[in-house]
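Since the structure comes first, as structure tokens, the remarks are kept for the end.
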């Protein structure tokens, strides 16, 4: 079922860290205004038409930054023609250009395009162009720097555009059929807020936030004046006052929350914490005892969110961010005036009933009562408020969909329980490292890399957290299967620890487990086993002992020592049931691993029992995109296939794939994993096999932090399919692309590299 890495040991000292990027919902939102802000990102480079890994990564990065509003050119004349067309349409343009093309073309376009970034391999060769041309804002030589520079210029990874945004008003918690369960993903978001509240408020945090705001509004004098006023006059007792103003605070905070971009929450932590605390304080002071009927107009509720609500009567949802409502329906209707349903969005009215006597944990404030002025009869809910969906129906009188909900305390106690577990597991935890850990567990890999690289840039070389940062970077690279980079990071962490810590310090177990996972990934099983034993010999806490034992059990399994593996795994499972500080994912992993052992022993009934238990637990406690759930699905498919029941394997795989398409974004890597499995089930003479692998590859290559190993497998499978259909040239291309990835993730002369080279040579 896979490996497990120990939870890093994290130290106490508080580090304050700058951050990454910034998303909206104005108090009166205009779709047309957002569309008018559309920006086109153009890459002009001689190599932009190549199929190399580096070129594909650049294209993917640009598409992710600007939601596919990108154009790529490898010749100057077509580029110039397109620039002319875009300028005539009043489009905003940002150009990323190679150094060699920049030297040729800058004299022609420097007075046409306001923002140009040079992306090249030699900074010194082209740095003079930065000073010569005022519109050349940066010269970048790596993808991370390029990403940061582009984000600075268009202000955010996801912020400038409304069209095709990932824009979430609500998050589903449980369904009426309990298919999503009390998902770890939701609790992770709420835990972020709890972590933020633990951070001390400092002047540095305020300056970091305001500098980002100034950068975003650097061409808006009116907003810059408001930012300056905030700097001069803001205090924590005025957090609500600033939120209800129509200014930068409201707009940027909501943008951050609506895109679920956790790194932005961290950026705005200074203000978010103040607002949460003041809402809690005023809520207690107001002590509203009468029941409330509240309304909220939503002009652009994404259709997918709407369908989830409509089919989820009786289920729970949580709001993304602070949730503004009104006691008067006519005010809510103002926010949807003239709005119409489209193929992408629904126009809705939320009707929320608040039975105040039944609620102890839902925080809300009557804004008119707070200000002492007659306004919009606004009632503002705090982050993470939970509601039960009672009804969704079309209101013929208002000509909009009406969604009826009740505020509820359900699942609030689960949040408190999980936060207590996290506190216990990381009792001496540095809040900043915990923040990065949660980002990692939520698969926000691009943010994780930026976050921990940023920590490396600001931490003193002698800082006690330095080794733990490298452990986290190693963990990140193991997850995306960039094994060589993972090994490098773990070795750096190990060398630091050797100079600073006693030989059996528990922190060594984290790194030893990581290095063991690396060796297992590259099929060096004896070395993996030796490092897992070293991890077990450290002075571990109970949790890290369990992780080391699970990894050792995995080695027993690989070596076909099934009884040793089974006994150790059952021992671990029983320990997990006795201790408090574990998450369900460890139990799920353990049950699935026992299923693996029984499958290897050809005991199919026992294997199916344990696989089904793991699968049902994953459906209850994990979200559909969790890789542990994907492993459970693949395990059952493999079982049915080994039993010779191809029809059941195919049917189950398709059912789960349909479920994924409903509940996940269409380019989620979990879908690619299941597509790969589905492709494996088809015979070579079935053309659909080739098409399925292509669909999987399309998803995998859209990710900047792609999972390299599964991508290389997909490319190899495509090559084999092409060979079957006598498409020699295409097969060779796929093999070469697979080899490029293998050279990146495996050590030199690895057997998989040699085998792919042999296949390529046989075709030349």
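Residue numbers (our numbering): 9 to 772. We put the beta carbon where it would ideally sit given N, CA and C, even for glycine.
Annotated three-state conformation of residue 398 is strand, per DSSP. Per the coordinates, the alpha-carbon of residue 460 lies some 46 Å from the alpha-carbon of residue 346.
Counting along the chain, residue 660 sits inside the alpha helix (DSSP H) bounded by residues 654-671. One alpha carbon belongs to residue 212, the other to residue 453, and they sit about 26 Å apart. Taken through DSSP and simplified to helix, strand or coil, residue 326 comes out as strand. Contact between the region 385-405 and the region 333-341 is present, with at least three C-beta pairs closer than 8 Å. Between residue 625 and residue 442, the C-beta gap is not smaller than 7 Å, which leaves the two residues out of contact. Taking a contact as a CB-CB distance under 8 Å, the pair residue 622 and residue 596 counts as one, their CB atoms being some 5 Å apart. The C-beta distance from residue 69 to residue 748 rounds to 17 Å, too long to meet the 8 Å contact threshold. For the region 320-384, the continuous beta strand (DSSP E) assignments of 3+ residues that do not extend past its boundaries occur at 324-327, 331-334, 353-362 and 372-374, in sequence order. Under DSSP, residue 123 forms a beta bridge with 102. Residue pairing by DSSP puts residue 146 in a beta bridge opposite 125.
Annotation: the region 526-613 contains no complete segment of the beta strand (DSSP E) (minimum length 3 residues). Annotation for residue 730: the continuous alpha helix (DSSP H) segment containing it runs 716-732. For residue 221, the uninterrupted alpha helix (DSSP H) run begins and ends at 211-224, by DSSP. Counted as a single uninterrupted DSSP element, the beta strand (DSSP E) harbouring residue 307 occupies residues 300-310. Here residue 617 carries a helix assignment [DSSP, helix/strand/coil]. In this structure residue 557 touches residue 544 by the C-beta definition: roughly 7 Å separates them, less than 8 Å. In the DSSP assignment, residue 94 falls outside any beta strand (DSSP E) and within the unbroken alpha helix (DSSP H) covering 84-96.
In this structure, residue 278 keeps its C-beta atom at 7 Å or more from the C-beta atom of residue 381.
Beta-bridge partners of residue 81 (DSSP): 52. Every unbroken stretch of the alpha helix (DSSP H) spanning 4 or more residues and falling wholly within the region 252-282 is given here in chain order: 256-266 and 270-275.
For residue 411, the enclosing beta strand (DSSP E) stretches over residues 408-416.
Residue 389: member of the beta strand (DSSP E) spanning 386-389, first to last residue. In this structure, 733 is the residue among 710, 733 and 715 with its C-alpha nearest to the C-alpha of residue 693.
Following the DSSP letters along the chain, one finds residue 472 in no alpha helix (DSSP H), marked with neither H nor E. For residue 506, the uninterrupted alpha helix (DSSP H) run begins and ends at 491-508, by DSSP.
Under the Cβ criterion (8 Å, minimum of three pairs), the region 143-160 counts as touching the region 117-128.
By the neighbour-count criterion, in which a residue is buried when 16 or more other Cβ atoms sit within 10 angstroms of its Cβ, residue 402 is exposed. Rounded to the nearest angstrom, the Cβ distance from residue 306 to residue 358 is 7 Å, consistent with a contact under 8 Å. Just so you know, the alpha carbons of residue 742 and residue 104 end up roughly 28 Å apart. Annotation for residue 706: the continuous alpha helix (DSSP H) segment containing it runs 695-708. DSSP lists 408 as the beta-bridge partner residues of residue 403.
In the three-state scheme derived from DSSP, where H, G and I count as helix and E and B as strand, residue 683 is classed as helix. Judged by beta-carbon spacing, residue 56 lies within the 7 Å limit of residue 82, meaning their Cβ atoms are closer than that value. Around the Cβ of residue 482, a 10 Å sphere holds 16 or more other Cβ atoms; the residue is buried.
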